[in-house]
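Under the numbering used here, the letters of the sequence shown match residues 1 to 487, in that order. Cβ atoms here follow ideal geometry from the backbone N, Cα and C, with glycine treated the same way. Please read all numbers here as calculations on a predicted model, not as lab measurements.
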Amino acid sequence: MPVPADAAARAALTARVTALTGVRHAHLVAVLGAGTTRPGVLDVVYARGEAADLPTVLAVRGRLTPAEAAAVGVNLAQALAALHAAGLSHGPIEPCDVVLRAGGAPALRPRTVAPPEEWTTAQDVRSLARLVDGLLGSRPVTPGPGSPFDGDRVVDPDGALRAALGPALGADPRARPEAGTLAALVDAACEPKDLRLPDPATLAGAALAGTRRAAPTSGPAPRPVRRPRDARPGRQAASGSRRVVGGPPTHDGNTRPQPDSPRRGGGPGRAGRERRRWAPRWPDRAALRPAAVVVSVGLTVGLMTGAGLTWRDHGARAMAGGPTATPSAPPPDAPSQTPEAAPTSGSLASAPQPLRASTVDPTLDRDRPGDAATVLTQRRLDLIAGAAGDLTAVNVVGSAAERADSELLAQFAAQHVRPEGPRATVRAVDVVAEDGSTAHVRIEYVIEAHAWVAADGTRTTVAASPRRISTLSLRWTSDGWRVEGVA
């Protein structure tokens, strides 16, 4: 695609492709590098290894089983977590973004073009949930205008998988789970199973048909060539005259002029009858090859901006798996995620500040709202994990924060999953405003790696989350500082 004329957009493209070369995950197709092989075109090289893409498999098989749809959800959610941990969002997730390994394991092929600025990681999560929901038959896999919502109870008879997708499909982005948590919820609802791939010949035929349907042309598509039976090479017209007729097809599907020769043993009666047949159409050999791993994404950025792209050499290490980027963690943390931003000057500290036990509870000290915010963040995680008391130990009674946490706890209870031992590491705290009875505290923190446990004891490990920055609205109550709202 053409590189935008705007300098900022070109710089964003450069930064995104460079960042993608450094992200590695088992369920993310690796971007190995980029370079220029044609004038005015930047070629981005993906790692090989896919046997097919999801649209081709759907064209052959139709819908997937719940276990296969769960595999798409779990694998792609983990791949999204790796992108989010690197500070990247994906953009709308469509079937063409999903490739299948040789054994049928789904993987995400990341887009090299950045999504719109207003696109968030929460929208990534919702887009993936919509895709998986479509694979179950609830909605078209590729949304279109007027697409009906016609839930199919046959595909997901007990509704467990659809229930796990519910929080991610919600309208409020703050209530949606992180990508890593969505993976854990889907895994707990339905045991994932790699997709059953059709036989290679069927896949090749479906891929060829899809390629021909989707191939852009600069003019009208060539039409099949018909010619009279008597006009084939080796036949003669009824009048006995010689004429130039269509010969063997060329590579573009057209016919090459070729003089015919008199037919042996034929009479004018038979030759005079026009019998028409289809000329043979030989498929282009290149169309039968596996999907190309070099994708043209625009004009050469380095030449246009005067700044060259620095590409990392991953080589065989990437093919072997390479270092794995850290996926994101679940949403039981208090605040909603905001876009990554570099630490700014001010009262925010930059060194990590792990929560430590104290002889004096800061939530009971009116003069320590910043420390109280740190304690309340961890207390909320303990509450969700089932290791602490009720919501009144964290939130103001009747507040928006209490209602949001009540809904979250109800969702986890319905899905029979819970986090085990989640710990928050607070990196910075800033009391933005305070008047003695209320305080607004800006807090920056991460949730360390932990596990999610299902009712049957199945454990799903979730790596540490990316940095999160939120503002807690605290109110002084008879029980001390409590959370009234989160922004």
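(message) Quick check: the Cα distance between D97 and E191, rounded to an integer number of angstroms?
(response) 23 Å
(request) With DSSP as the reference, please indicate the residues paired to R482 in a beta bridge. (result) R475
(message) Here's a check: name, in chain order, each residue in its chain whose Cβ is nearer than 7 Å to the Cβ of P92, leaving out the five neighbours to either side.
(response) S127
(message) Looking at the secondary structure, which residues open and close the alpha helix (DSSP H) in which V72 lies?
(response) 66-85 is the extent of the alpha helix (DSSP H) around V72.
(request) Return helix, strand or coil for L195, following the three-state DSSP convention. (result) coil
(message) Quick check: what's the CA-CA separation for R196 versus G104?
(response) 6 Å
(message) Quick test of the definition: if touching needs 3 or more C-beta pairs under 8 Å, does the segment 69-89 touch the segment 459-466?
(response) yes
(message) If you measure between the beta carbons of V394 and E484, is that distance less than 7 Å?
(response) no
(request) Mind checking which residues open and close the alpha helix (DSSP H) that includes V132? (result) 121-135
(message) Which residue marks the beginning of the alpha helix (DSSP H) containing R16, and which one marks its end?
(response) Start and end: 7-20.
(message) Less than 7 Å between C-beta atoms, sequence neighbours within five positions excluded: which residues of the same chain meet that for P167?
(response) Counting only Cβ-Cβ distances below 7 Å, and skipping sequence neighbours, we find A175, R176, P177, Q411.
(message) Threshold first: 4 residues or longer. Then list the alpha helix (DSSP H) segments lying entirely within the segment 380-448, N to C.
(response) 400-415
(message) Taking the alpha-carbon of T120 as reference, which of A160, D172, L100 has the nearest alpha-carbon?
(response) D172
(request) Would you check if the segment 45-61 and the segment 420-439 touch, i.e. whether three or more CB-CB distances between them fall below 8 Å? (result) no
(message) For D6 and L13, I'd like the C-alpha separation in whole angstroms.
(response) Approximately 11 Å, taken between the alpha carbons.
(message) Per DSSP, what are the beta-bridge partners of I469 in this structure?
(response) E444
(request) Report the three-state DSSP secondary structure of T202 (helix, strand or coil). (result) helix
(request) Out of T363, A160, A183, state which residue places its alpha-carbon closest to the alpha-carbon of S437. (result) Ranked by Cα distance from S437, the first of T363, A160, A183 is T363.
(request) With a cut-off of 8 Å on the beta carbons, I'd call A385 and R427 a contact; round off their distance for me. (result) Contact flag wrong, Cβ pair sits at about 21 Å.
(request) Figure out for me which residue from L20, T471, E420 has the closest Cα to the Cα of Y445. (result) Considering only alpha carbons, the answer is T471.
(message) By the DSSP assignment, the alpha helix (DSSP H) with D187 in it spans what residues?
(response) Here the alpha helix (DSSP H) through D187 covers 179-189.
(request) Take H488 as the anchor and find which of T461, I447, A179, W476 has the nearest alpha-carbon. (result) No answer is possible for residue 488: the residues shown for the chain start at 1 and end at 487.
(message) Using the Cβ count rule (16 or more neighbours within 10 Å means buried), how would you classify G73?
(response) buried
(request) May I have the straight-line CA-CA distance separating L474 from V125, to the nearest angstrom? (result) 29 Å
(request) To the nearest angstrom, report how far apart K193 and D187 are at their CA atoms. (result) 10 Å
(message) I need the DSSP call for G370, collapsed to helix, strand or coil.
(response) helix
(request) Report, in whole angstroms, the separation of the C-beta atoms of L76 and P95, which I expect to be a contact under 8 Å. (result) L76 to P95, Cβ: 11 Å. No contact.
(message) Does L88 come out as helix, strand or coil in the three-state DSSP assignment?
(response) coil
(request) Quick one: residues in its chain with C-beta nearer than 6 Å to the C-beta of A487, no 5 flanking neighbours on either side, listed in chain order? (result) T471
(message) If we define contact as Cβ-Cβ less than 7 Å, is N395 a contact residue for chain C?
(response) Going by chain labels, chain C is absent from the structure shown, which holds only one protein chain.
(request) Whole angstroms is fine: what's the gap from A129's alpha carbon to L169's? (result) 6 Å
(message) Within 10 Å of its beta-carbon, does E68 have 16 or more other beta-carbons around it, so buried, or fewer, so exposed?
(response) buried
(request) Kindly indicate which residue of I443, A163, A404, S478 has the alpha-carbon position closest to the one of G66. (result) Contrary to the premise, residue 66 reads as Pro rather than Gly in this sequence. Nearest option by C-alpha distance: A163.
(request) Could you tell me the boundaries of the alpha helix (DSSP H) in which R459 lies? (result) First-last for R459: 459-462, but that is the beta strand (DSSP E), not the alpha helix (DSSP H).
(request) Would you mind stating whether A424 and L381 have Cβ atoms separated by less than 7 Å? (result) yes
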